[in-house]
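Chemist:
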Amino acid sequence: MNISESNRIEMLEWSNDRFAKGKFGQFGPKDGLFYAAFLNDSWPIVFNNVRSQIVSENSIIDLKDSVELISHPNSYADIVIWMPEGSYMHDHQDLLRNEDYETLGGAELIRYNVQLSTANGGGIPCYNMDSDDNHKSIDGTEISLQEGEYILCECKNLHQCSVIVGDKPRIYVSYAFIISKPGVNGSLLKKEIVRGA
Ligand SMILES: [Fe+2]
Numbered sequence: 003m004n005i006s007e008s009n010r011i012e013m014l015e016w017s018n019d020r021f022a023k024g025k026f027g028q029f030g031p032k033d034g035l036f037y038a039a040f041l042n043d044s045w046p047i048v049f050n051n052v053r054s055q056i057v058s059e060n061s062i063i064d065l066k067d068s069v070e071l072i073s074h075p076n077s078y079a080d081i082v083i084w085m086p087e088g089s090y091m092h093d094h095q096d097l098l099r100n101e102d103y104e105t106l107g108g109a110e111l112i113r114y115n116v117q118l119s120t121a122n123g124g125g126i127p128c129y130n131m132d133s134d135d136n137h138k139s140i141d142g143t144e145i146s147l148q149e150g151e152y153i154l155c156e157c158k159n160l161h162q163c164s165v166i167v168g169d170k171p172r173i174y175v176s177y178a179f180i181i182s183k184p185g186v187n188g189s190l191l192k193k194e195i196v197r198g199a
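Numbering (the working numbering), first residue to last: 3 to 199.
This is how it looks when you write it as structure tokens:
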């Protein structure tokens with residue numbers, strides 16, 4: 003699915019401006035150096051509008067709206083990720099913190115990632131990977147996202163992003179939701195390409 007071009011540009015320009023002013027936090031070095039900014043009340047309304055669009059289009063009931071979570075709010079924050087040349091994401095899962103998992107009983111963290119800028123090379127996310135008996139990541143689904151597209155990340159499944167190549171960064175907004183029934187909010191939205199196939 004897609005957001006409007008005007009919304010993409012507005013979010014991208016805001017992100018570029020904030021990044022240029024050093025307002026993004028730096029993370030790494032395991033994944034190269036990448037940068038992230040957490041949503042707060044100072045973000046322009048367009049970020050909330052796009053969030054609302056995603057909630058509507060995917061019939062999401064976000065438990066964050068109704069349940070008092072124990073973990074720090076940033077644990078499940080909406081974020082903008084800025085990935086310059088050389089950065090990547092190693093294979094990982096994002097799970098509810100134990101204290102919240104017990105409170106919510108079987109709920110699941112998911113994210114919808116909105117592509118603001120696509121790198122000229124690399125920066126390809128891969129979702130729904132599995133692991134073998136040696137905990138080595140295998141297979142999964144690589145998704146070449148166009149600018150303005152958004153995609154579901156089922157965070158409990160292993161996922162990663164390949165190394166960014168070239169001057170143009172990959173920039174995306176990652177909206178976090180906590181849902182009560184795993185899998186009810188759809189699956190990967192694009193044609194699937196299994197690595198190695
Ligand atoms: Fe993740």
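For every residue, glycine included, the Cβ atom is placed at its ideal position computed from N, Cα and C. All figures in this text were calculated on a predicted structure; none of them were measured in a lab.
Residues in its own chain within less than 7 Å of Asp19 by CB, not counting five upstream and five downstream?
Modeler: To locate residue 19, count along the sequence shown from 1; it is residue 17. Cβ within range, chain order: n/a, list empty.
Chemist: Reducing DSSP to helix, strand and coil, say where Arg172 ends up.
Modeler: Locating residue 172 in the sequence shown gives position 170, counting from the first residue. If DSSP states are grouped into helix, strand and coil, Arg172 belongs with the strands.
Chemist: What does the alpha-carbon distance come out to for the pair Leu35 and Tyr90?
Modeler: Residue mapping note: residue 35 aligns to position 33 of the sequence shown, counting from 1. Residue mapping note: residue 90 aligns to position 88 of the sequence shown, counting from 1. Cα-Cα distance, rounded: 8 Å.
Chemist: Checking the sheet assignment: what are the DSSP bridge partners for Gly244?
Modeler: Nothing in the structure corresponds to residue 244, since the chain is present only between 3 and 199.
Chemist: Using the Cα positions of Leu97 and Ile166, report the straight-line distance between them to the nearest angstrom.
Modeler: For this step, residue 97 is matched to residue 95 along the sequence shown. For this step, residue 166 is matched to residue 164 along the sequence shown. Going by the C-alpha atoms only, they are around 25 Å apart.
Chemist: Is the beta carbon of Ile56 closer than 9 Å to that of Tyr114?
Modeler: The residue labelled residue 114 in the question sits at position 112 within the sequence shown. The residue labelled residue 56 in the question sits at position 54 within the sequence shown. The answer is yes: Cβ separation under 9 Å.
Chemist: State the start and end residues of the unbroken alpha helix (DSSP H) segment that holds Ile56.
Modeler: Walking along the sequence shown from the start, residue 56 turns up at place 54. Its alpha helix (DSSP H) spans residues 47 to 59.
Chemist: Give the straight-line distance between the Cα atoms of Asn51 and Lys32, rounded to the nearest whole angstrom.
Modeler: Translated into positions along the sequence shown, residue 51 becomes position 49. Translated into positions along the sequence shown, residue 32 becomes position 30. Their backbone Cα atoms lie some 33 Å apart in a straight line.
Chemist: List the DSSP bridge partners of Met13.
Modeler: Taking the first residue of the sequence shown as position 1, residue 13 is located at position 11. Met13 pairs with nothing; no bridge assigned.
Chemist: Pull the bridge partners of Ile153 from the DSSP assignment, please.
Modeler: As a first step, residue 153 is located in the sequence shown; it is residue number 151 there, counting from the start. Note: Ile153 sits in a beta bridge opposite Asn115.
Chemist: Excluding the 5 residues preceding and the 5 following Leu41 in the sequence, name in chain order all residues of the same chain whose CB lies nearer than 6 Å to its CB.
Modeler: Numbered from 1 along the sequence shown, position 39 holds the residue referred to as residue 41. Once the five neighbours on either side are set aside, the close Cβ partners of Leu41 are Ala79, Asp80.
Chemist: Within a Cβ cutoff of 6 Å, which residues of the same chain sit near Gln117, ignoring the five residues on either side of it in sequence?
Modeler: Position 115 of the sequence shown, counted from the first residue, corresponds to residue 117. Cβ within range, chain order: Leu147, Glu149, Glu151, Tyr174.
Chemist: Can you give the Cα-Cα distance for Ile145 and Cys163, rounded to whole angstroms?
Modeler: Within the sequence shown, residue 145 is the residue found at index 143, counting from 1. Within the sequence shown, residue 163 is the residue found at index 161, counting from 1. In a straight line, the C-alpha of Ile145 is about 10 Å away from that of Cys163.
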